[in-house]
Structure formats: C-alpha cells, structure tokens
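K.L.:
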Amino acid sequence: MYHKGSMLFGICILSVIPQVSFANSNMYTLTESSQGISELFENQSSNAMSGQDELKTFKLKEITTHEGNVEYRFIPVVVSKPSHKWIEAEGVYSIDSSDTQKNCSELDSFGATWRAPTATEIQAALSYDTDLRAIIEKLPGDDIIKGYVDIGEWYYIRSNHTGGAIDKNMGDGDPRPTICYLDM
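In case it helps, mature numbering (1 follows the signal peptide of the UniProt record, and there is no 0) puts the sequence shown at residues -23 to -1, 1 to 161.
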C-alpha cells in the first residue's frame, strides 16, 4: 500500500527528470501551451527558433541552496542589438585591408556579424553619418586619422571634419584603428 505523500514525491521526481536531461543545452524559450492557458519552458534545441523573440530566451541555472537542496532557475537572457551600423574594434589595430577583413569578421560585439566596410560605404558615411564621425573623433592620434577598408584605405582630418576613402592600399603597414560595419 502506497502512502499519498510518497506518490506525490514520485510525481515530483518524474517532473524534474526532463528538466535535468535538458540541462546540457541550457537554453529555453517561454512558449504558450497548446491550450493557451499557461506558459511552458521549452528546450531551445527541440524548438525551431526562427522568429522567436530573443527577450523570451532563458538559461537554466542549477543552484545548490545552503541546505543542500538543488534548485533550477530560469534566468532571462538579454541579447543587445547594435544601435548603429558602425563600431570601433577597441584595442584592435589592423596593418592592411586583409587584416581589417579578418579583425572585423572575428568581432562578436552585440552578438552581431561585422565586416570591413567598402571604400564607397565609408566615403558616403563620412559625409552624413554622425555616428561614424563620432567614433572617428574619439580615436587617438593627430589631426589626420587613417584606417583600412575591405580593399583600400580611409582618412579623416579632424581640423576641418572631412575625410574620404580610396580603393587602393597605399599604406605603410603601420597599425591603424579598426572600424567595422554591421553586416545586414
């Protein structure tokens, strides 16, 4: 004869087993139940994530209390999105165009994909994009600041706030700041 308390304990244990087995992927989404009356945490690997709201993504965290009990908590994962198309790869200097391409492709800021800008993109942006000019103005250096694009170079003159880009590498191989463009 089973005691009601042990039966309830058995049901609770069985309900925890699926959570433990999914602990390897550790990422979950909050989805509405098929009846539409409750929400469930669904393992991300078992769910096609295209179109899901990133603010509804949670990470499963196992916590041991002071009493030695194990608790599972779902912590919201907030993924920042870049607010601008341009970014400086801070502390990363490139010695030529191919180095800029490599450095930008390896950049993982904001979880976005970045690339080296083209000469045309940076030339146009220097004329109207205040975000790019603000990034360049903050760079260390003298009156003339230079950098590399995917094929070529860019320059900016602080004293008259003008600049340009060419699609040739004329550089001397000196390390220059790396500016990257959001790959949309």
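All C-beta atoms in this analysis are idealised placements derived from N, C-alpha and C, irrespective of residue type, glycine included.
Give the secondary structure of serine 74 by DSSP, where H, G and I count as helix, E and B as strand, and everything else as coil.
P.N.:
DSSP places serine 74 in helix when its eight states are reduced to three.
K.L.:
Report yes or no: do three or more beta-carbon pairs, one from the stretch 140 to 157 and one from the stretch 80 to 91, lie closer than 8 Å?
P.N.:
They touch, by the three-pair rule.
K.L.:
Would you say aspartate 151 and arginine 135 are within 8 Å of each other, going by their C-beta atoms?
P.N.:
Cβ distance not < 8 Å, so aspartate 151 and arginine 135 don't count as in contact.
K.L.:
Just verifying my parser: in three-state terms, what is the DSSP assignment at isoleucine 122?
P.N.:
Looking at isoleucine 122 - three-state DSSP - the assignment turns out to be strand.
K.L.:
Measuring alpha carbon to alpha carbon, tell me which residue in Val126, Thr77 and Ala66 is nearest phenylalanine 87.
P.N.:
It is Ala66 whose Cα lies nearest to the Cα of phenylalanine 87.
K.L.:
From methionine 4 to valine 47, what distance separates their C-alpha atoms?
P.N.:
Looking at the two C-alpha atoms, the distance is approximately 18 Å.
K.L.:
Got a sec? Which residues, its chain only, sit under 8 Å from alanine 25 by beta carbon, not counting five neighbours each side?
P.N.:
Annotation note: pLDDT 45 at alanine 25 (below 50); position unreliable, coordinate value reported separately. Excluding residues within five positions, none has a Cβ falling inside 8 Å.
K.L.:
With C-beta atoms as the reference, is glutamine 100 less than 8 Å away from glycine 68?
P.N.:
No, the pair does not count as a contact, with Cβ atoms beyond the cut-off.
K.L.:
Could you round the C-beta distance between tyrosine 133 and leucine 103 to whole angstroms and report it? I think they count as a contact, below 8 Å.
P.N.:
Tyrosine 133 to leucine 103, Cβ: 7 Å. Contact.
K.L.:
Out of curiosity, what's the CA-to-CA distance linking aspartate 127 and threonine 41?
P.N.:
Cα to Cα, the separation comes out at about 50 Å.
K.L.:
What is the DSSP secondary structure of asparagine 80, reduced to helix, strand or coil?
P.N.:
Note: asparagine 80 maps to helix in three-state DSSP.
K.L.:
Apply the 10 Å Cβ neighbour rule to alanine 111 and answer buried if 16 or more other Cβ atoms are within range, or exposed otherwise.
P.N.:
By the neighbour-count rule (16 or more Cβ atoms within 10 Å), alanine 111 is not buried but exposed.
K.L.:
Taking the alpha-carbon positions, what's the threonine 34 to threonine 6 distance?
P.N.:
Distance between the alpha carbons of threonine 34 and threonine 6 is about 5 Å.
K.L.:
State the Cα-Cα distance for the pair isoleucine 143 and isoleucine 122, rounded to the nearest angstrom.
P.N.:
Whole-angstrom Cα-Cα distance: 14 Å.
K.L.:
Rounded to whole angstroms, what's the CA-CA distance from threonine 95 to isoleucine 14? Just pull it up for me.
P.N.:
C-alpha separation (whole angstroms): 51 Å.
K.L.:
Could you name the residues of the same chain whose beta carbon sits closer than 8 Å to that of glutamine 78, not counting the 5 residues immediately before and after it, in chain order?
P.N.:
Excluding positions up to five away in sequence, the list reads Arg92, Ala93 and Asp127.
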